[in-house]
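Okay, so here's the structure we're looking at.
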Amino acid sequence: MALTLDQAFQPRHNSIGFLRWFMAFLVIFSHAGPLAGFYGSKNLGTQWSDEQSLGGIAVGGFFFLSGFLITRSRMGRSTIFRFLWRRTLRIFPAFWASLLLVAFVLAPIAWWHVTGTIRGYISSPVESPLTYFANNMWMSLNQQNIDGLGKGLPLEQCCGYDWNGSAWTLRYEFKGYIIVGVMGLFGLLGYRIVATLAFLLMLTLNTLTFLSVNANIAILDPLMSDFYSVMVLTPFFAGMMFAIWGSRIPIDDRLAMAAGAIAIFTYFIASGWNVYGQFAFLYVLMWAAIRLPLQNWERYGDLSYGIYIYAWPIQQFVAFFGVYTWGWFAYHAVVVVLCHIAAFTSWHLLEKPALSLKNWTPRWLAALQVRFRPLNQRIKRAIVNPAYSSTHFAHTLRQDAAALAQDRRDDNLVSHSIDDRVEIDHDGPYRHHRPTDPAGPPPAGNPPADAVTTDGPSRALETRGTP
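Residue numbers (our numbering): 307 to 773.
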């Protein structure tokens with residue numbers, strides 16, 4: 307019999323790190339189309355499918371795994387501040403570093419390469435490097451270029467100007483964090499029906515969007531107005547479903563093979579990838595996370611996010627020096643090496659140190675927690691699922707649950723003893739009358755089973771209890 311997802315998934319021993327690394331490189335290969343002019347200046351994969359590029363598939367996989375892991379994390383955390391603070395530390399430091407890298411390292415070098423001087427770079431009245439960080443730091447991405455750089459490059463010829471075209475997904479990623487955080491705040495993640503209805507809503511929006519169906523339902527119009535929100539949050543909610551229904555989802559090799567066949571069929575042969583094929587792929591992705599023997603992939607650091615966020619700026623940067631003219635293999639070799647260097651440096655010098663602040667609490671919040679500690683404890687007990695947390699509080703909950711289970715087992719033993727009827731011999735000692743004996747009233751001359759009688763001078767024997 308196949309194990310369920312909850313039984314098979316080991317939080318510290320899985321291949322999710324490898325899968326995210328692999329999908330980050332799918333994004334690089336896909337973006338080499340518009341950024342380097344390969345594949346007819348189109349994203350890789352659109353040559354075989356009119357529905358999704360390989361980079362788009364990878365982004366859906368990122369959001370699915372994120373929805374799964376983030377939901378499990380939220381189910382093991384009580385305060386929304388702590389949850390969102392940790393998500394902020396994971397997303398923003400590397401994102402801000404990528405903006406600063408573009409504005410004050412890559413773009414100035416590109417400017418110097420194009421103009422032969424650095425003069426005029428900082429003082430540009432339009433698309434200034436000084437405003438590039440401020441206009442994009444909260445993921446609004448209001449400024450995509452600096453000083454008009456990029457004229458004549460492959461990207462400009464097909465798509466326009468952009469120094470970080472991958473960053474658009476981060477805004478939707480953080481929206482997913484907020485949704486999960488709020489659901490956890492009100493304890494909704496503990497109600498499977500609520501989370502399931504939320505997923506079914508996203509599934510409906512996704513189906514209507516990709517089938518180009520005009521539902522004419524006013525309440526759905528605001529939700530359907532943002533195409534990318536529907537596209538990426540649908541797999542995010544699918545990941546949430548895997549986290550919440552993990553005790554019912556089997557991890558079966560035969561199911562994975564069937565799902566893989568459906569995914570391949572809808573992508574390469576027929577249509578329907580975005581409507582149902584991607585969900586078959588997401589099951590295969592979770593199966594691979596458990597089955598693949600690549601569980602120590604992140605021993606040198608969690609590089610997948612850094613590779614993803616620095617790849618586009620690096621690909622655009624090397625285009626200024628004509629690296630794409632060296633050929634497909636040489637171009638990707640240079641990009642892959644530079645991305646690894648950037649991601650490794652970012653992880654060890656920025657991202658990992660930032661995550662060391664995950665338990666920091668502002669003084670005012672710490673004071674409030676002390677003041678409202680009894681209420682906070684009740685809320686935590688109502689919200690936290692100890693199965694998904696390694697905190698001291700969750701450990702206490704697990705100990706309490708184990709003690710309660712032991713008490714219940716003891717109560718069951720006691721109840722069996724209580725079911726025995728005790729009879730008092732005329733000579734003084736008492737013996738058991740087992741439930742296997744014929745039912746009926748106590749023998750004549752003996753007291754009822756629940757009576758209190760005496761045996762000897764002033765000695766009471768209460769017959770309720772273990773012999």
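Every residue gets a Cβ at the ideal spot worked out from N, C-alpha and C, and that includes glycine.
How about residue i and residue j: are their beta carbons less than 8 angstroms apart?
i           : j           : result
residue 400 : residue 657 : yes
residue 613 : residue 586 : no
residue 607 : residue 650 : yes
residue 546 : residue 385 : no
residue 487 : residue 372 : no
residue 346 : residue 584 : no
residue 626 : residue 419 : yes
residue 414 : residue 341 : no
residue 433 : residue 451 : yes
residue 536 : residue 520 : no
residue 417 : residue 390 : no
residue 541 : residue 331 : no
residue 495 : residue 424 : no
residue 468 : residue 427 : no
Residue i lies in the alpha helix (DSSP H); which residues open and close that run?
i           : result
residue 390 : 386-407
residue 618 : 610-625
residue 414 : 413-421
residue 532 : Here residue 532 belongs to no alpha helix (DSSP H), and DSSP marks it neither H nor E.
residue 563 : 559-570
residue 592 : 584-597
How should residue i be labelled, buried or exposed, when 16 other C-beta atoms within 10 angstroms of its C-beta is the threshold for buried?
i           : result
residue 307 : exposed
residue 505 : buried
residue 737 : Note on residue 737: pLDDT 44, under 50, position unreliable in the model; no value is reported.
residue 421 : exposed
residue 381 : buried
residue 374 : buried
residue 518 : exposed
residue 320 : buried
residue 713 : exposed
residue 554 : exposed
residue 326 : buried
residue 490 : buried
residue 599 : exposed
residue 436 : exposed
residue 497 : exposed
residue 515 : buried
residue 446 : exposed
residue 317 : exposed
residue 710 : exposed
residue 412 : buried
residue 438 : buried
residue 499 : exposed
residue 351 : buried
residue 655 : exposed
residue 647 : exposed
residue 409 : buried
residue 344 : buried
residue 643 : exposed
Got a sec? Which residues, its chain only, sit under 8 angstroms from residue i by beta carbon, not counting five neighbours each side?
i           : result
residue 552 : 310, 311, 312 and 315
residue 663 : 395
residue 281 : No answer is possible for residue 281: the residues shown for the chain start at 307 and end at 773.
residue 404 : 470, 473, 615, 616 and 619
residue 621 : 334, 337, 338, 341, 342 and 641
residue 577 : 356 and 357
residue 480 : 393, 397 and 445
residue 354 : 573 and 574
Leaving out five residues on either side along the sequence, give the residues of the same chain with a beta carbon under 6 angstroms from the beta carbon of residue i.
i           : result
residue 261 : Shown here, the chain extends from 307 to 773; a query on residue 261 therefore has no answer.
residue 323 : 603 and 604
residue 273 : Residue 273 lies beyond the range of the chain shown here (307 to 773); nothing can be said about it.
residue 579 : 357, 358, 572 and 573
residue 637 : 342, 629 and 630
residue 589 : 565
residue 465 : 340
Keeping to the same chain, check which residues put their C-beta closer than 7 angstroms to that of residue i; ignore five residues upstream and five downstream.
i           : result
residue 593 : 557 and 562
residue 443 : 402 and 405
residue 543 : 373, 504, 505 and 508
residue 475 : 365 and 538
residue 329 : 364, 367 and 368
residue 392 : 664
residue 601 : 319, 320 and 321
residue 653 : 607, 608, 609 and 612
Exercise for review: With a floor of 4 residues, list each alpha helix (DSSP H) that falls wholly inside the segment 435-520, ordered by position along the chain.
Suggested key: If only complete runs of 4 or more residues are kept, the segment 435-520 shows the alpha helix (DSSP H) at 435-442, 460-464, 474-491 and 498-516, in order along the chain.
Practice item. List in chain order: all unbroken beta strand (DSSP E) runs of 3+ residues lying wholly within the segment 315-375. Key: You should have found no qualifying run.
Review point. What alpha helix (DSSP H) runs, 4 residues minimum, are completely inside the segment 618-679?
Key: The qualifying runs are 634-652, 658-661 and 669-677.
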